[in-house]
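Position one of the sequence shown corresponds to residue 1 (UniProt numbering), numbered consecutively onward.
Idealized CB from N, CA, C, for every residue including glycine.
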Amino acid sequence: MIPPFDTLHWLRPDWLWAMAVLPLLAGWWWQRRRRANVWHEAVDPHLLAHLLDRGDKVRGRLALAIGMLGYVLAVLALAGPSWRQSEQPSWQGQAPLVIALDLSSASLAGDLPPSRLAQARAKLATLLRERKDGQVGLVAYAGAAFTVAPLTGDAANVALFLEALHPNVMPVDGQRSDRAIAWSARLLAQAGLQRGRILLLTDHADAATRKAAADAWARGYSVSVIGLGTADGAPYRAADGTILHARLDADSLRQLAATAGGDYVALTRDDSDLARLGVLDPDDQGIAAGGDAELAGQAGGKSGMSWQDDGYWLLLPLMALALLAFRRGAPVVVLVLCLWLPGRSAHAADLWQRPDQRAHRTMEQAAQAYRQGDFAMAAKLYGELDSAEADYNRGNALARESHYPEAIEAYEQALRRNPAMPDALANKQAVEAAMKRQPPPDQQGQGNNESSAGNRDEDDQGQQAGQQGQQPQASRDGPGSPQDESGQGKPDESTPRQDGETSQDGGNPPPESPTPADASSQQAADQAQRERMQAALAQAQAEKDAGKDDASTAEATPESAEQRERRIANEAWLRRVPDDPGGLLREKFRIEYQRRLQQGGAEE
């Protein structure tokens, strides 16, 4: 059934401008075909019609018509023709809400027993628990406004901060509701939201607050108010120690809500106040009871008619025209082209993991190999990663394997990527110092004079014998120390060769054994060097595995009496620490307030 043209609608009408080039393409194709026929240059035009086969001319015109028709169908499909509509959701209950709570000293007034603050926290707990949809943020204010929790879809996460809210967490006292409204509007704007709601909990509103609410409403953010307190009010102690009296000014709050497109309700013991404001469910028709006309209109029309793209139906005749342009042998050409494509290995896991996830998996495997002592595998896995930390860890693994030039190169590459890596610089200098350290002079009985370079060559050739001579020293370090894994076979640990080892000259007798004093001094120097290398190479890894090593040591070693006494003393000291859930917020607000003062923006 052909749809009526009066219902035709174009979703992307700009594509129709491509029809303007269709005559130009047709003319260019026809001229190109005529130039391709060499008979037009050799035979007069009036004779050419009698010499050529008329079938070629018909086929040429047919090919031109098919190409033009395919072009038209493709352009029409891209333009998005639509002749039917369907009901689509045009609004969802995701209205963002920023709660601004008054944490001034007046919130401790007892006209709402036990206090205004206790009642407000209970009300917010109900709101966060019962709210169905939408993002929620929390702002606390007194003399200045601060973000307690940014906009988030997890209301339970915001509820975790309620217990810590108290006037003593605020760095400055006061009731600057205007700053709270401006800060809440700023949160909504930073989240890229053009519409939103601000819920203010306080006892009065001045002219500055009404102006801030009007500015927020002009930006698309309505302000609703829950009044805290009673008309009679109650006394409270201010931050400076003076006794003041706080009363609920319902008229000013009602005027504020009317100015900002919201609604005002007094705090009640049940949920009727929240239901009237419509903050429990953005789809609640209670929104219409207030002045928030924009959100009420959205809630009343959650669905609307939307045009459906029917351009895909034009692809069927377009595919049929493509079959007419099919030539024999075309699949073979495609296969030949595929043979020249570069090959690339693939793994099944790559289909389900992002590159950062694969890199994280490789990092975990490398760290596991390092902890198990497989430094060669750890260096190989770290080499597959592209980061300064991976190069640094690869250098540590290579150093443990006694591959000092490669380790130095890895440290240098890590420093090139991140010059601010003191651990990489310290490890590089430690490995370089180990390579440059000269071996002790051998006492030769024959008095033959050899250069220092020759001594280094002979020491390199006798490296394995030196390793065997050092085995008792390594065993004294302890079987569980990392030195056993990296201290053997290091080129800096030069030792006298064993008896029976032949020198390069072949005819020279073996060198004399060193004296006991020389041997003891050499062992002391080797031990000091090993300790320096161990401290430099294992510093970062020891910090990462400190918790695991402590746990394994605690399991393997029984607790001594001294350790038990220390643990009991620490637990008693921790029990004496006061329970201060607002300490983190207090410190956070203090630092933020000092930063604003330094930047001259304390009025925010």
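- Residue pairing for A246: DSSP places it in a beta bridge opposite A234.
- As a beta-bridge residue in DSSP terms, G137 pairs with V98.
- Judged by DSSP in its simplified three-state form, A561 adopts helix.
- In the pairwise beta carbon analysis, the segment 144-161 is classified as touching the segment 174-187: at least three pairs are separated by under 8 Å.
- If you ignore the 5 residues before and after W217, its C-beta comes within less than 6 Å of the C-beta of A260 and G261, all in its own chain and listed in chain order.
- Here the alpha carbon of R131 sits roughly 10 Å from the alpha carbon of G153.
- In terms of Cβ geometry, L97 and S107 do not form a close pair [threshold 8 Å].
- In terms of Cα proximity to R237, the closest of V169, G229, G110 and P114 is G110.
- Residue pairing from DSSP places A149 in a beta bridge opposite L138.
- For V172, there is no enclosing alpha helix (DSSP H), since its DSSP letter is neither H nor E.
- Looking at the DSSP output, W10 sits in a beta bridge with P81.
- Cα atoms of A26 and D215: separation of roughly 59 Å, rounded to the nearest angstrom.
- Counting C-beta atoms within 10 angstroms of its own C-beta, K436 has fewer than 16 neighbours from the protein chains shown and is therefore classed as exposed.
- Taking the CA atoms as reference points, H166 sits about 23 Å from D206.
- Under the three-state reduction of DSSP output, G227 falls in the strand class.
- The three-state reading of DSSP puts E87 in strand, counting E and B together.
- According to DSSP, residue pairing for S222 in a beta bridge involves R197.
- Put simply, of V75, W29, R12 and L11 the residue whose alpha carbon is nearest the alpha carbon of A20 is V75.
- Taking C-alpha positions only, L24 is separated from R32 by approximately 12 Å.
- For N418, same chain residues with a beta-carbon under 7 Å away, outside a window of 5 residues either side, are A388 in chain order.
- In the three-state reduction of the DSSP assignment, V72 falls in the helix class, which pools H, G and I.
- In the DSSP assignment, A434 falls within the unbroken alpha helix (DSSP H) covering P422 to K436.
- For Y141, the closest of A122, V172, K123 and A250 by C-alpha to C-alpha distance is V172.
- By the C-beta criterion, the segment 565-575 is judged not to be in contact with the segment 154-163, since fewer than 3 inter-stretch pairs fall below 8 Å.
- In chain order, E401 place their CB closer than 7 Å to the CB of A376, counting only its own chain and leaving out the 5 sequence neighbours on each side.
- Judged by beta-carbon spacing, A250 lies beyond the 8 Å limit of G278, meaning their Cβ atoms are not closer than that value.
- Its Cα nearest to that of V225, the residue A258 stands out among R590, R595, L22 and A258.
- Nearest neighbour of D14 by Cα position, chosen from G80, R179 and A212, turns out to be G80.
- Under the three-state reduction of DSSP, T209 is assigned to helix.
- When the beta-carbon positions are compared, L124 and T230 stay at least 8 Å from each other.
- Between G395 and Y411 a beta carbon distance of about 4 Å is seen, short of the 8 Å cut, so the two are scored as contacting.
- The beta carbon of Q429 sits closer than 6 Å to no other beta carbon from its chain once the five residues preceding and following it are set aside.
- Per DSSP, the beta-bridge partners of A266 are G227.
- Sixteen is the threshold: since fewer than 16 other Cβ atoms of the shown chains lie within 10 Å of the Cβ of R595, the residue is exposed.
- Rounded to the nearest angstrom, the gap between the Cα atoms of N570 and R564 is 10 Å.
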